[in-house]
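Numbering (the UniProt record's numbering), first residue to last: 1 to 181. Glycine included, C-beta positions come from ideal geometry on N, C-alpha and C.
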Amino acid sequence: MWQLYWMSPYDETIVLDADILFLNDYSYWWDYLSKFDMLFPNTIINYRQETINHTQYDKILTEHNFRPAYEKMFYFKKGQFAQEFFTMLEQILKNYRSISTEIFYDYRPTSLRTSHIFPACIKMLGIEDTVYDKNNIFKYVDMKLSCLNANIIKWDEDLEYWGDYKEYYIENFKQYYPLHY
């Protein structure tokens, strides 16, 4: 994951998880994102367009006073700022066993998860005030079960959905943002 900075042939990159669907044209994001060195969504939403509370996203992060990074989709511009971030990310990944006891003092995660590593990197660098999209333009829909605010076991079996790449609906709610499923 830390190699993204050096692997990307582009000066500006939007990193996406493989299980994200782009359901609209988001080309207007480039003008907006180019104003930043690195940007993570400030909030994520569920399929009803409801904002997901940070506390329900990941209890381990909440208990250790870490803000989620929502790293399933983020932007970076090549330069010193992003290079320092990815260099720190490399150190955390390579030394996770020893660093995790300092980061998660009350709980040691049993597996290496990007949802824990990215917030730790952001906090260790002290860049919390600069990397989150305070305008809430850059965000995505998360279909993680803890985000749905419903008693659902498998969303793709328990919810009605239909449409195509131009118009996609879940339970009569049109999806306007990228969908992480």
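Among residues of its own chain, excluding the 5 on either side of histidine 64, which ones have a beta-carbon nearer than 6 Å to its beta-carbon?
Phe104
By alpha-carbon positions, which one of Leu23, Trp29, Tyr47, Phe138 ends up nearest to glutamate 171?
Tyr47
Beta-ladder partner(s) of methionine 143, from DSSP:
DSSP output for methionine 143 lists no bridge partner at all.
Any beta-carbon of chain B closer than 8 Å to the one on isoleucine 122?
Any reference to chain B falls outside this structure, which holds one protein chain only.
Indicate whether phenylalanine 66 and leucine 125 have their beta-carbon atoms separated by less than 8 Å.
no
Along the chain, where does the alpha helix (DSSP H) containing isoleucine 103 start, and where does it finish?
96 to 103
Measure the CB-CB distance between isoleucine 45 and lysine 139 and report whether it falls below 8 Å.
yes
Spatial distance of glutamate 167 from phenylalanine 173 (CA atoms)
10 Å
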